[in-house]
Structure formats: C-alpha cells, structure tokens
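Asks: The structure's right below; bear with me while I get my questions together.
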Amino acid sequence: MIRVVLPPHLRTLAHVRDEVQLAIAGPVTRASILDALEAQYPMLRGTIRDHVTLQRRAFLRFFACERDLTHDPPDAPLPDAVASGAEPFLVLGAIAGG
Amino acid sequence: MSGVRVLVGTRKGAFILTADGKRKQWDVSGPHFAGWEIYHVKGSLADPDRLYASQSSGWFGQVMQRSCDGGKTWETPGGGMGKTPDGMPTGESNKFVYDTAPDTGKPLTTHQFYDGTQHPWEFKRVWHVEPSLTDPDTVYAGVEDAALFRTSDGGKTWEELAGLRGHGTGPKWQPGAGGMCLHTILLDPTNPRRMYVAISAAGAFRSDDAGTSWKPINRGLRSQYIPDPTAEVGHCVHRIALHRSRPNVLFMQKHWDVMRSDDAGDSWREVSGNLPTDFGFVIDVHAHEPETIYVVPIKSDSEHYVPDGKLRVYRSRSGGTEWEALTKGLPQRDCYVNVLRDAMAVDSLDACGVYFGTTGGQVYLSADAGDSWTPIVRDLPAVLSVEVQTLR
Numbered sequence: 001m002i003r004v005v006l007p008p009h010l011r012t013l014a015h016v017r018d019e020v021q022l023a024i025a026g027p028v029t030r031a032s033i034l035d036a037l038e039a040q041y042p043m044l045r046g047t048i049r050d051h052v053t054l055q056r057r058a059f060l061r062f063f064a065c066e067r068d069l070t071h072d073p074p075d076a077p078l079p080d081a082v083a084s085g086a087e088p089f090l091v092l093g094a095i096a097g098g
Numbered sequence: 099m100s101g102v103r104v105l106v107g108t109r110k111g112a113f114i115l116t117a118d119g120k121r122k123q124w125d126v127s128g129p130h131f132a133g134w135e136i137y138h139v140k141g142s143l144a145d146p147d148r149l150y151a152s153q154s155s156g157w158f159g160q161v162m163q164r165s166c167d168g169g170k171t172w173e174t175p176g177g178g179m180g181k182t183p184d185g186m187p188t189g190e191s192n193k194f195v196y197d198t199a200p201d202t203g204k205p206l207t208t209h210q211f212y213d214g215t216q217h218p219w220e221f222k223r224v225w226h227v228e229p230s231l232t233d234p235d236t237v238y239a240g241v242e243d244a245a246l247f248r249t250s251d252g253g254k255t256w257e258e259l260a261g262l263r264g265h266g267t268g269p270k271w272q273p274g275a276g277g278m279c280l281h282t283i284l285l286d287p288t289n290p291r292r293m294y295v296a297i298s299a300a301g302a303f304r305s306d307d308a309g310t311s312w313k314p315i316n317r318g319l320r321s322q323y324i325p326d327p328t329a330e331v332g333h334c335v336h337r338i339a340l341h342r343s344r345p346n347v348l349f350m351q352k353h354w355d356v357m358r359s360d361d362a363g364d365s366w367r368e369v370s371g372n373l374p375t376d377f378g379f380v381i382d383v384h385a386h387e388p389e390t391i392y393v394v395p396i397k398s399d400s401e402h403y404v405p406d407g408k409l410r411v412y413r414s415r416s417g418g419t420e421w422e423a424l425t426k427g428l429p430q431r432d433c434y435v436n437v438l439r440d441a442m443a444v445d446s447l448d449a450c451g452v453y454f455g456t457t458g459g460q461v462y463l464s465a466d467a468g469d470s471w472t473p474i475v476r477d478l479p480a481v482l483s484v485e486v487q488t489l490r
C-alpha cells in the first residue's frame, strides 16, 4: 500500500486522522497517487491540483525520502521506498500567510 | 418560541450565534472549518435548517459546505463516496468552471487587469452564496473572478449563468483592491425571474429572465477614479440592498457615494446627504420600514477604518439624504475597525434587530433598530460576513 501524509486541513476535510493508505495498480507516480487519492476521497478534488488543468496549487509541495519532488514531472516514477510503502509521500503546505 | 441564528464568517472559521427572541443570552458555536477563510454563510428561507458556507484557503482553494441541521453538522455535498459508472465522483461541490460552450459561454471574454491589459478569467473563490427563496437545493454563488454560478442539486455541482459575462462589457470590468468579485446577489421576492448582482469593479446588473441575460444598471453613478466617470460599467459598487415589500427600490453603497434607485436600477441618484464620509461597504434596510436604511461610513478608500476613531452606524428614516449617527454602546474613541460589505444583516422580529461584524472581531447587535448596541462577541477573528435567520 502507498502511504500518503496530508496537511492537517486536508485530513480534516477528508475525515482521516492519520496517514492515508492507497492501493495503486501500475506505476507509482505523483499523478497516479493523486488520482487514487481523489478517487478514494472525492472531497479533496480541487484542493491539491486544479480540477481541469491538474496543475498543482501554488502553495503546495510534494516530498518523499527527504527529497523535494514538487517540480518533477507528474508521471515520473517515485522512489522505490514510496512504491513499496516503506516511506510516505508527503503533501505539504508552504509556510506562508498568517 | 421565536429565536435568531446569526451566521458569522471570519478569516479563520465560521461561528454560529443563537438566542431566543429576547436576544439577551447567546450561545456561540465554532469555529466551524477552523483555520479556513469563510467568506459567507447563509441559510435557506425555504428550509431554515439548510445552510451553505463558502470555505476557502490560499493553499487549498475553494470548498463548499452544506448543513441540513442548522449548522450542527456539515458535509461537502459533492464530496461523498458516490461514483458514476466510470468511477468518477458523482458531484464536485467545489468545481467552478467558467462556461466556454459555444452556445452558452460565448463570447468568452477577458477582463481589464490592474495594469490596464486584458486578462483571462481565473476562478479564485466564492464570495457570496444566495439560496433560492423557494427551493433549498437551488443556490446562487457569486465568485471571483466575477461570475455567477448556480446549483440546483444542493451544492453537488455548479454551472455558470454565462449570460452575465457574455453580454459584452466584460473587457471593461476590472478588479478592485479586493479582487474582481461578484459580491451581491438579490432575488426579487415578487418576481422569480428578476434578480440583481453587483460586481467590484464593474457595477450593478439586472436580469429579468431568471439569470439568462443581463443588462448593466449604472445610469446615474459617477466615479471619478475611472476614465469616463459616467461610464456604463467600471463602477466599484460595494453593496446593494432592497426591502422585500418594495423590490424596485434599491439602495447602494458605492466605493464613494450612497445611492438610491426607485426604478429597479434603471437610474440612480445620490442620497449621501449629511454623512461624515460617503465611503463605506455595507448598506442594509430595516425589516419592517422600507425607508429606514443603515450604513457604516469609513474614512476613505485609502484608510479603511471608521473616521475619528469612532464606530458609528448611520441611519436614515427617509430613504437617504438625512442621516443620524447611532453611537450608544459603540466605541467612541480609539476605534479603527472596518465593516466589510457582507457584514451587516437584520432580523425580522417585531423589534427589528440589526447586526454587524467588524474586522476587529466584534459582532454587535441592536435589538431596537439601531438606537443602542451591545456586542454579542468581542474577540472573533476578523469578520467577513454576517447573516441572520429569524426562527419561528
């Protein structure tokens, strides 16, 4: 299972307390994780990426295995540790605002 | 037993204040949606327990929330686990996509940007939700960048009423300091086909065919800050209001100037009269006296707080021009709050209650139509909107 850690506001919105576990068939990429996440938690559609363009919302970033994956292509394979479930895929809100 | 439910949207969540008809003892619940900006919460007249809230965030965008029990519990109406046959969610309550269909969405226009260039419409947030007067599942939403959307399935899905943007003046609309927002939606209680909207900075518009087509209604407005002060569009209208018994009479707080129309917006005249400043955001009408109106003058367009450190509501009992300051119970020194455009409302109890919220986090009530005021709460986050439901 793929493990995903959401920022607190999105955990509240999705009614989950802890990290999310997703089953993904096929390549594990940022796009396939977000597709599975939005299918399992439809209330998150539009909150991480745009409904239509699928562009990342500007103040969100993606990390895994101590690497910033934000600017990697959405279909690039994620590290094996994410695909195996050893490490989580993190969605983080930028430190901004008040 | 009658009562009131006050719906407060703030920079950091929503609060619901309830009291019986005496309006003395208040129960405060919240924050709902803690940490999110709640631009507006409003209940349905057709089903008072049906509430809609606009929840937004610079990080996560727009979320629409619905309650079917008067705000005790909430749901994202399109965000459940239902699926279409191809596996997609059955509803997407936060999906606001501008209409680009050839038959209804044309011409897809650009609007004027801050630097005078043309800029495509980009959805940012919902400023105002206006439930239908007769159907709790039908709601209108005014959004930034300015457009009007409607749901007829209780908020699961939204579609644009594209005739507003498509009627031709869109390239002349421009954002005000707060963005280019459609912030006011008024439904005529006597004519289901007539509705009004107001946009900063474009002006006021009227539809006489239930939102299909629109016309600008800005004749008589004068705005020195635009190239043609009497232009058909481009005016920064901050708020319009009407009384249910007389929906052809409109009152407007413009960027500067308080205005009145007696012909459903076809023409306007200034009624600022003896106000200390005619800049402001809110305007509202007494529940039982259609000529009694309220504004909160703000110092200027560059100093968004009350003048002289005094929080004063001004009331006119003659539909404008002659105004009296209402100060009893309000701070009269060292006060520098603002009252935003959606942050005043009235109840319809026999003694009309008037409510407003400030950017300092206070929500004030007058249970005697403005003669005296008392804070219901003092220390909320900055208040963005106040609505009141009179429960019987």
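Chains as they are written, first to last, in my numbering: chain A, 1 to 98; chain B, 99 to 490. C-beta: ideal position from N, C-alpha, C; glycine also.
(1) Mind checking if A/A94 is an interface residue toward chain B, Cβ cutoff 9 Å exclusive?
(2) Spatial neighbours of B/M162 within its chain, please: C-beta separation below 6 Å, excluding the five flanking residues on both sides.
(3) Can you tell me which of B/R358, B/T108 and B/E387 puts its alpha carbon nearest to the alpha carbon of B/S370?
(4) Using DSSP's beta-bridge definition, name the partner residues of B/Y392.
(5) Would you check if there are 3 or more beta carbon pairs closer than 8 Å linking the segment 104-116 of chain B to the segment 135-144 of chain B?
(6) For B/D355, which of B/G378, B/V347 and B/S446 has the nearest alpha-carbon?
(7) Hey, how far is the Cα of B/A465 from the Cα of B/R439?
(8) Are there three or more Cβ pairs, one per stretch, closer than 8 Å when the segment 380-392 of chain B is compared with the segment 324-334 of chain B?
(9) Pull up the CB-CB distance for B/T419 and B/V435, whole angstroms please, since I reckon it's below 8 Å.
(10) Whose C-alpha, out of B/H386, B/F158, B/A308 and B/L115, is nearest the C-alpha of B/L343?
(11) Can you find a C-beta in chain A that's less than 9 Å from the C-beta of B/V195?
(12) For a quick check, are the C-beta atoms of A/V82 and A/V20 less than 9 Å apart?
(13) Strictly by DSSP, which residues pair up with B/S464?
(14) Let me know the secondary structure DSSP gives B/Q123 once reduced to three states.
(15) What are the residues that DSSP puts in a beta bridge with A/P77?
(16) Is the CB of B/S165 under 9 Å away from at least one CB in chain A?
(17) What separation, rounded to the nearest whole angstrom, lies between the Cα atoms of B/E257 and A/H15?
(18) Taking A/A14 as part of the alpha helix (DSSP H), name the residues at either end of that continuous run.
(19) Cβ of B/E190 less than 9 Å from any chain A Cβ?
(20) Looking at the strands, I want to know which residues DSSP matches up with A/H49.
(21) Starting from B/L284, follow the beta strand (DSSP E) in both directions and report where the run begins and ends.
(22) Between which two residues does the beta strand (DSSP E) containing B/R263 stretch?
(23) DSSP has B/M293 in a bridge; who is on the other side?
(24) Return the CA-CA distance between B/V106 and B/R320, expressed in angstroms with no decimal places.
(25) Please report the Cβ distance between B/H336 and B/Q322, rounded to the nearest whole angstrom; I am assuming they are in contact, meaning their Cβ atoms lie under 8 Å.
(26) Tell me which residues of the segment 139-162 of chain B have at least one Cβ-Cβ distance to chain A shorter than 8 Å, keeping chain order.
(27) What distance in whole Å lies between the Cβ atoms of B/V437 and B/V461, which are believed to be in contact at a cut-off of 8 Å?
(28) So what's B/E257 in DSSP terms, helix, strand or just coil?
(29) Going by DSSP in three states, B/P374 sits in which element: helix, strand or coil?
(30) Confirm, please, whether the CB-CB distance from B/L424 to B/V102 is below 9 Å.
(31) At a CB distance below 7 Å, what residues from the segment 36-48 of chain A approach chain B? Give them in sequence order.
(32) Output yes or no for whether 9 Å exceeds the beta carbon distance between B/V76 and B/G459.
(33) Going by CA-CA distance only, name the one from B/G214, B/G455 and B/D469 that's closest to B/V484.
(34) Does the beta carbon of A/H9 come closer than 9 Å to any beta carbon on chain B?
(35) Report the partner residues of B/R337 according to the DSSP bridge assignment.
(36) Cβ closer than 9 Å: which chain A residues qualify as neighbours of B/G133?
Replies: The structure says:
(1) Judged by the 9 Å Cβ criterion, A/A94 is in contact with chain B.
(2) S191, N192 and G253
(3) B/R358
(4) Per DSSP, B/D382 and B/R413.
(5) yes
(6) B/G378
(7) 21 Å
(8) no
(9) Their Cβ separation, rounded to whole angstroms, is 26 Å, which puts B/T419 and B/V435 out of contact at 8 Å.
(10) For the record, residue 343 of chain B in the displayed sequence is Ser; it is not Leu. Here the closest residue by C-alpha is B/H386.
(11) yes
(12) no
(13) B/V452
(14) coil
(15) A/T29
(16) no
(17) 27 Å
(18) P8 to A14
(19) So, interface residue.
(20) His is not the amino acid found at residue 49 of chain A; the sequence shown has Arg there. Per DSSP, A/R56.
(21) If you look at B/L284, you'll find it in the beta strand (DSSP E) that goes C279 to L285.
(22) For B/R263, no beta strand (DSSP E) segment is defined; the enclosing uninterrupted segment is the alpha helix (DSSP H) at G261 to G264.
(23) B/L285 and B/S305
(24) 33 Å
(25) 16 Å between Cβ atoms; not a contact.
(26) Those residues of the segment 139-162 of chain B that come within reach of chain A (Cβ to Cβ, closer than 8 Å) are S155, G156, W157, F158, G159, Q160 and V161.
(27) Not quite, the Cβ-Cβ distance comes to about 11 Å (not below 8 Å), so this is no contact.
(28) strand
(29) If DSSP states are grouped into helix, strand and coil, B/P374 belongs with coil.
(30) no
(31) A39, P42, M43, R45, G46 and T47
(32) One cannot answer for residue 76 of chain B here, as it falls past the ends of chain B, which runs 99 to 490.
(33) B/G455
(34) yes
(35) Answer by DSSP bridge pairing, in chain order: B/Q351.
(36) P8, H9 and T12
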